[in-house]
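Notes for the one structure printed next.
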Amino acid sequence: MSFVAELNALPLEALLQSSLSTTHDAARRVLAGSASSVNDFAHLISPAAGELLEPLCRRSQALTQKRFGKVIRLFAPLYLSNECINNCKYCGFSRDNPILRVTLTVDEVVREARALKEQGFRNLLLVAGEHPKFVSNHYLVDCVRALREEIPGISLEVGPMETEEYRPIVRAGAEGLVVYQETYDRASYAEMHIAGPKRNFDWRLETAERAYAAGFRRLGIGALFGLSDWRLEALAVAAHAEYLLRNCWKAQLTISLPRLRPCAGEFEPLTHIADRELVQLVCAFRIMFPDVGLVLSTREPAKLRDGLIPLGITLLSAGSHTEPGGYTGAGKEHLHRTERGRIVELGASEWATARDGGVHATGQFEIADGRSPQEVADLIRRLGYEPVWKDWDAALMA
Ligand code: SF4
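If you use this note's numbering, the sequence shown closes out at 400, no skipped numbers anywhere.
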């Protein structure tokens, strides 16, 4: 049975009500014991447990140090393309947004990767909008092949594919696949995804399972907080993680906790999760899933990221750009604008500015932590942790 059937059978509303009416005693009981069910998780994210934030943080910190040691893995997103055939109301890359777009050539991708390698990164997340014409699985295979000798840790965050389409990408050397459901609330999902293949909720929900079947050894999931009630999303993510740990047990699992950021299209978040609630959520995921990696990106401001490092986060991005070519200026020679999905060439003066480096492809969203990777690594050391740039090499599989 796929997770689609499990999600359909999950009493999400009842779990949400159970969370909202959790007593302090019930929250304390789960905190003192072991959380082993989605119902226990509902207690951990309850308003009552929110008033026990200190002991929650202490438990999460102790578990994280026991399972992961005092290390933080660092990675960087490398945007390959901001072309997209979907209209997602909350995303800067949406098809109908009149933005500057580009798909990097394989040589340009290598240039970007080398710039990130110079900064220390050995784990890269290749990110692209969903556009089979520009970002085909053949293109992705070529990118991974071109990078694998220099970059030991390559993961992808791209449009969902069939298992058979993933296999050559895995053979080329990619190890991880990240796919966020964005929202697990079907009604909200239908409202947010107004055009394109992404409208198919179930197809997206089964992506991690198809990726596992194709041989990816790291799987990443998450919800984009700001589209539906945060507790409802968190309950569904917990159920999804629990399913994947049971059914895709050979893979390492990570959970990301992205909150919506400003982007082209100027979408405003529909719901809010406060900083304090985000801290509670990180701790709840750690207590429920002691061995799962928890990811925090540069969407969050520096102060909050620094505070969360000792509490349960195990993977951080740093120095991120969300536009293709953002690290070196690569790709500016073939920038174009799109209007309602149609390509419109740049005018002469825009070309001249682009060639001088004054115009870039549009980013997916604004980042909040603009510190350099070295600044983030120094901060990690000052907190008594070790920044880890590389934790995997293909030779380990030989
Ligand atoms: S969220 Fe993904 S699929 Fe949707 S518009 Fe943005 S890049 Fe495209």
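Here a beta-carbon is modelled for each residue, glycine too, at the ideal position from N, C-alpha and C.
- For residue 97, the shortest separation between its Cβ and any heavy atom of the ligand SF4 lies below 8 angstroms.
- Separation of residue 98 and residue 366 (C-alpha to C-alpha, rounded to the nearest whole angstrom) is 14 angstroms.
- Between the alpha carbons of residue 226 and residue 32 lies a gap of roughly 26 angstroms.
- Around the CB of residue 376, fewer than 16 other CB atoms lie within 10 Å, so the residue is classed as exposed.
- The C-beta distance from residue 221 to residue 210 rounds to 5 angstroms, short enough to meet the 8 angstroms contact threshold.
- In the DSSP annotation of this structure, the continuous segment of the beta strand (DSSP E) that includes residue 80 starts and ends at 73 to 83.
- At a cut-off of 4 residues, the continuous stretches assigned as alpha helix (DSSP H) that sit fully inside the segment 252 to 335 are 277 to 290, 304 to 310.
- Excluding five sequence positions before and after residue 50, the CB atoms of its chain that fall closer than 8 angstroms to its own CB belong to 24, 25, 26, 28, 29, given in chain order.
- An exposed status is given to residue 385, since fewer than 16 other beta-carbon atoms sit within 10 Å of its beta-carbon.
- Taking a 10 Å sphere around the C-beta of residue 172, we find 16 or more other C-beta atoms and assign the residue as buried.
- As for any alpha helix (DSSP H) of minimum length 4 sitting wholly inside the segment 89 to 157, the runs are 108 to 120, 139 to 149, ordered along the chain.
- Inter-residue distance for residue 94 and residue 57 is about 39 angstroms (C-alpha atoms, whole angstroms).
- Around residue 68, the same chain offers 292 as residues with beta carbons nearer than 8 angstroms, after the five sequence neighbours per side are excluded.
- Per the Cβ contact rule, the segment 106 to 116 is not in contact with the segment 338 to 346 (fewer than 3 Cβ pairs under 8 angstroms).
- Under the three-pair Cβ rule at 8 angstroms, the segment 34 to 42 does not count as touching the segment 264 to 272.
- The closest heavy atom of the ligand SF4 lies less than 8 angstroms from the beta carbon of residue 195.
- Under the three-state reduction of DSSP output, residue 367 falls in the coil class, being neither helix nor strand.
- Inclusion of residue 212 and residue 165 in the CB contact set at 9 angstroms is warranted, their separation being smaller than that value.
- For the pair of segments examined, the segment 71 to 85 was found to touch the segment 121 to 132: the number of CB pairs separated by less than 8 angstroms reaches three.
- In the structure shown, residue 165 adopts helical secondary structure according to DSSP, grouped into three states.
- Residues 259, 307, 310, 315, 318 of the same chain have their beta carbon placed closer than 7 angstroms to that of residue 298, with the five preceding and five following residues left out of the count.
- Residue pairing by DSSP places residue 221 opposite 179, 255 in a beta bridge.
- A direct Cα-Cα distance of roughly 15 angstroms separates residue 52 from residue 313.
- Per DSSP, the continuous beta strand (DSSP E) segment holding residue 344 begins and ends at 344 to 346.
- Counted as a single uninterrupted DSSP element, the alpha helix (DSSP H) harbouring residue 382 occupies residues 375 to 384.
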